[in-house]
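Chemist:
Number of protein chains: 2
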Amino acid sequence: MEASSETNAYAALRAAILSLDLVPGEKLSERGLESMLEASRTPIRAALMRLENEGLTQRAGRGWQVTPIDLAEVRAVMEYREAVEVAAIALVIERAGDDELTALRSIIASSPGKENEETGLRDGGDFHVALSQLSRNKFFADAMSGALTRLSRTRWLEVRTAESRAHARTEHVEIIAAVQSRDAERAAALVLSHSRGTRDRLLNHLSEERRRLRARGYSIIESSETPSPLGTV
Amino acid sequence: MEASSETNAYAALRAAILSLDLVPGEKLSERGLESMLEASRTPIRAALMRLENEGLTQRAGRGWQVTPIDLAEVRAVMEYREAVEVAAIALVIERAGDDELTALRSIIASSPGKENEETGLRDGGDFHVALSQLSRNKFFADAMSGALTRLSRTRWLEVRTAESRAHARTEHVEIIAAVQSRDAERAAALVLSHSRGTRDRLLNHLSEERRRLRARGYSIIESSETPSPLGTV
DNA sequence: TTAACCAAGTTGGTATACAATGATGGTATA
DNA sequence: TATACCATCATTGTATACCAACTTGGTTAA
């Protein structure tokens with residue numbers, strides 16, 4: 000891989016944010032990051048702008064901050080992800096080869112082995128990204144990946160038991176099976192219920208634990224809903 | 000509005016690309032743009048990176064270029080836009096107020112007045128963006144806006160007659176009417192057929208005119224379809 | 001004691017110098 | 001005449017100096 004200062008700074012910052020080493024809401028300064036990232040402001044600034052596009056950093060007044068976790072945004076992302084995935088699954092059924100589906104299925108089956116490893120970070124996320132890639136449409140795949148990136152910090156705030164992992168895996172297997180039998184209706188229904196189940200579990204947990212998590216220093220907010228765009232048209 | 004060098008450079012470059020003053024495929028250099036944009040490399044570089052995220056510029060070897068028009072990408076974007084808009088319309092029916100829909104409808108009705116003006120650049124695009132904003136979900140609105148940005152250069156390559164504009168306006172009015180009567184099924188069907196009609200007309204025209212357009216210096220390519228992601232999982 | 005003001009420090013925004021890396025064109029030699 | 005090699009130029013990548021704007025803290029005066 001290319002190893003430019005900007006790429007390194009970007010990767011290091013991104014990892015620190017997703018792992019919550021840099022806590023949600025934390026203030027960042029370009030100069031202050033120089034020592035941590037061992038690079039000068041130019042590549043750091045570029046990295047911050049890239050992360051801004053992914054929704055992981057944002058401008059706060061003059062400076063920067065790690066994007067706080069916003070319950071309203073989580074809801075909106077889940078809603079969007081649901082629509083994208085339901086539409087993508089129809090394309091997957093049209094276009095994915097049996098070999099590809101078999102390969103994906105075997106990856107799911109082997110995933111329990113790495114439950115506790117660092118590579119398990121994305122959890123089921125890897126499955127959903129891989130699935131959406133089978134749509135052969137870059138925009139569905141990128142949308143899915145971007146949505147899961149925005150959600151991925153919340154995974155650390157959830158309780159992930161062995162049972163819940165097994166449950167998710169079961170649902171993933173069911174989805175693949177429906178795709179393999181080219182049953183579009185069933186596949187869409189399964190994706191929908193899987194997505195909504197994940198959403199409900201996540202949102203319930205987050206709002207219950209919100210107070211405790213804020214005490215840890217995490218900025219967890221509930222932004223006002225998007226106002227009517229009347230007049231901005 | 001804020002008037003930083005970067006913002007100015009970004010806006011000027013974007014306008015030049017969307018108007019085809021900078022032709023698809025044209026090579027750009029950060030230094031070469033300094034005189035045109037009256038700014039130094041730092042803000043120009045930032046602007047190029049922002050445009051890269053919108054798909055309007057891309058890195059070409061060492062340097063930059065205006066993103067060529069890619070027929071495969073146009074197909075993929077249209078496919079994506081269709082899914083996004085069909086899903087968004089359901090949310091609009093849930094959430095949009097009667098007053099908002101009335102306002103949007105009156106805007107469509109008045110649009111023929113500015114048919115030939117610069118503000119008419121986005122054509123029906125403004126309608127679709129405004130409509131998706133009524134979903135009250137930033138991600139649907141941004142996805143719609145981004146998709147139309149990627150498509151907007153092709154509008155210059157189409158023949159836009161008074162009849163075709165009137166036809167589009169009629170369909171827009173029908174969509175609003177369906178939303179106003181909260182008929183989700185009909186609204187979705189209308190959006191779908193409108194989107195597919197636009198897609199088919201555009202793609203047919205582009206492939207027919209491709210040779211002639213290339214003679215004008217426009218880089219119009221047909222990238223290979225996304226290969227199987229097997230093994231990259 | 002309180003409030004207002006001023007100064008110093010910190011911030012991102014910008015311009016620019018320098019380094020590293022390809023590209024390109026010309027020249028020399030076979 | 002053709003080909004290979006070398007030098008020069010143009011390119012982005014990076015570091016850094018400077019600037020303007022804002023924040024913050026202390027100090028001074030009422």
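Top line first, the protein sequences correspond to chains A and B. Numbering of the first sequence is given in numbering that gives the first Met the number 0, commencing with residue 0 and proceeding in unit increments. Numbering of the second sequence is given in numbering that gives the first Met the number 0, commencing with residue 0 and proceeding in unit increments. Beta carbons: idealized from backbone N, C-alpha and C, even for Gly. If you're wondering where the values come from, they're calculated on a predicted model, not measured in any experiment.
Which residues in the same chain have their Cβ closer than 7 Å to the Cβ of G54 (chain A), if we skip the five residues on either side of it in sequence?
Modeler: Excluding residues within five positions, the ones whose Cβ falls inside 7 Å are T66 and R149.
Chemist: Pop quiz: T56 (chain A) and L27 (chain A) are said to be a contact at Cβ under 8 Å. What is the actual Cβ separation, rounded to whole angstroms?
Modeler: With a Cβ gap of about 7 Å, T56 (chain A) and L27 (chain A) count as contacting.
Chemist: Looking at the structure shown, is V178 (chain B) part of a helix, part of a strand, or coil, going by DSSP?
Modeler: Reduced to three states, the DSSP call for V178 (chain B) is helix.
Chemist: Would you identify the three-state DSSP class for R30 (chain B), choosing helix, strand or coil?
Modeler: If DSSP states are grouped into helix, strand and coil, R30 (chain B) belongs with the helices.
Chemist: What residues of chain A sit near A11 (chain B), judged by a beta carbon separation below 7 Å?
Modeler: Per Cβ cutoff of 7 Å: no residues; A11 (chain B) is ~19 Å from chain A at best.
Chemist: What residues of chain A sit near M48 (chain B), judged by a beta carbon separation below 7 Å?
Modeler: Within chain A, the residues near M48 (chain B) are A45 and M48.
Chemist: Say whether chain B places a C-beta atom closer than 8 Å to the C-beta of A142 (chain A).
Modeler: Chain B contact via Cβ: present.
Chemist: For the pair the region 13 to 26 of chain A and the region 147 to 163 of chain A, tell me if three or more CB-CB distances fall below 8 Å.
Modeler: A contact exists between the region 13 to 26 of chain A and the region 147 to 163 of chain A.
Chemist: How do the region 3 to 10 of chain B and the region 200 to 209 of chain A stand: do at least 3 beta-carbon pairs fall below 8 Å, yes or no?
Modeler: No contact exists between the region 3 to 10 of chain B and the region 200 to 209 of chain A.
Chemist: Three or more beta-carbon pairs under 8 Å between the region 127 to 134 of chain B and the region 84 to 100 of chain B, yes or no?
Modeler: Segments in contact, yes.
Chemist: Does the contact criterion of 3 or more C-beta pairs under 8 Å hold for the region 216 to 223 of chain A versus the region 61 to 80 of chain A?
Modeler: They touch, by the three-pair rule.
Chemist: Tell whether a beta-carbon distance below 8 Å holds between I107 (chain B) and R168 (chain B).
Modeler: Cβ atoms of I107 (chain B) and R168 (chain B): closer than 8 Å.
Chemist: Return the first residue and the last residue of the beta strand (DSSP E) that R58 (chain A) is part of.
Modeler: R58 (chain A) -> beta strand (DSSP E) spans T56 to A59.
Chemist: Thinking V76 (chain B) and V190 (chain B) are a contact (beta carbons under 8 Å), I'd like their distance in whole angstroms, please.
Modeler: Going by Cβ atoms, the distance from V76 (chain B) to V190 (chain B) rounds to 16 Å, so no, they are not a contact pair.
Chemist: Classify G96 (chain A) as helix, strand or coil using the three-state DSSP reduction.
Modeler: G96 (chain A) falls in the coil class under three-state DSSP.
Chemist: I need the boundaries of the beta strand (DSSP E) containing G62 (chain A), first residue and last residue.
Modeler: From DSSP, the beta strand (DSSP E) with G62 (chain A) extends over G62 to V65.
Chemist: A186 (chain B) to V178 (chain A), Cα distance in whole Å?
Modeler: Roughly 28 Å separates the two Cα atoms.
Chemist: Within 10 Å of its beta-carbon, does G31 (chain A) have 16 or more other beta-carbons around it, so buried, or fewer, so exposed?
Modeler: Looking at its Cβ environment, which holds fewer than 16 other Cβ atoms inside 10 Å, G31 (chain A) is exposed.
Chemist: For D199 (chain B), which of helix, strand or coil comes out of DSSP?
Modeler: Of the three classes helix, strand and coil, the one that applies to D199 (chain B) here is helix, per DSSP.
Chemist: Short of 6 Å in beta carbon distance, which residues of its chain neighbour A38 (chain A), apart from the five on each side in sequence? Order them along the chain.
Modeler: Around A38 (chain A): S4 and A8.
Chemist: Return helix, strand or coil for D20 (chain A), following the three-state DSSP convention.
Modeler: Of the three classes helix, strand and coil, the one that applies to D20 (chain A) here is coil, per DSSP.
Chemist: Go to R245 (chain B), then tell me how far its alpha helix (DSSP H) extends in each direction, as first and last residue.
Modeler: Since the first and last residues shown for chain B are 0 and 232, residue 245 (chain B) lies out of range.
Chemist: What does the alpha-carbon distance come out to for the pair A59 (chain B) and R49 (chain B)?
Modeler: Rounded to the nearest angstrom, the two C-alpha atoms are 16 Å apart.
Chemist: What does E78 (chain B) touch in chain A if you count any residue whose Cβ is under 7 Å from its own?
Modeler: Chain A residues near E78 (chain B): N136.
Chemist: Candidates A:A102, A:A142 and A:R80: which alpha carbon is nearest H193 (chain A)'s?
Modeler: Residue A:R80 is the option with its Cα nearest to H193 (chain A).
Chemist: Comparing C-alpha positions only, which one of A:L21, A:S163 and A:E184 sits nearest to V87 (chain A)?
Modeler: One point to set straight first is that residue 87 (chain A) is Ala, not Val, in the sequence displayed. Nearest option by C-alpha distance: A:E184.
Chemist: L103 (chain B) and I175 (chain B) look like a contact to me (Cβ under 8 Å); what is the Cβ gap, rounded to whole Å?
Modeler: 6 Å between Cβ atoms; contact.
Chemist: Any idea what DSSP makes of E114 (chain B), helix, strand or coil?
Modeler: The predicted position of E114 (chain B) is uncertain, since its pLDDT is 47 and thus under 50; a value taken from the coordinates is nonetheless stated next. E114 (chain B) falls in the coil class under three-state DSSP.
Chemist: To the nearest angstrom, how far is it from the Cα of R200 (chain A) to the Cα of V22 (chain A)?
Modeler: Each residue's Cα considered, the two are about 22 Å apart.
Chemist: When burial is assigned at 16 or more other CB atoms within 10 Å of the CB, is E25 (chain A) buried or exposed?
Modeler: It counts as buried.
Chemist: Rounded to a whole number of angstroms, what is the C-alpha to C-alpha distance between S163 (chain B) and R195 (chain B)?
Modeler: One C-alpha to the other measures close to 15 Å.
Chemist: Does the separation of the CB atoms of A45 (chain B) and A82 (chain A) fall below 8 Å?
Modeler: No.
Chemist: In whole angstroms, give me the CA-to-CA distance for M35 (chain B) and R210 (chain A).
Modeler: C-alpha separation (whole angstroms): 53 Å.
Chemist: Who are the near neighbours of L212 (chain B) in its chain, counting only those whose CB is closer than 7 Å to its CB and skipping five residues on each side?
Modeler: Excluding positions up to five away in sequence, the list reads L156 and I219.
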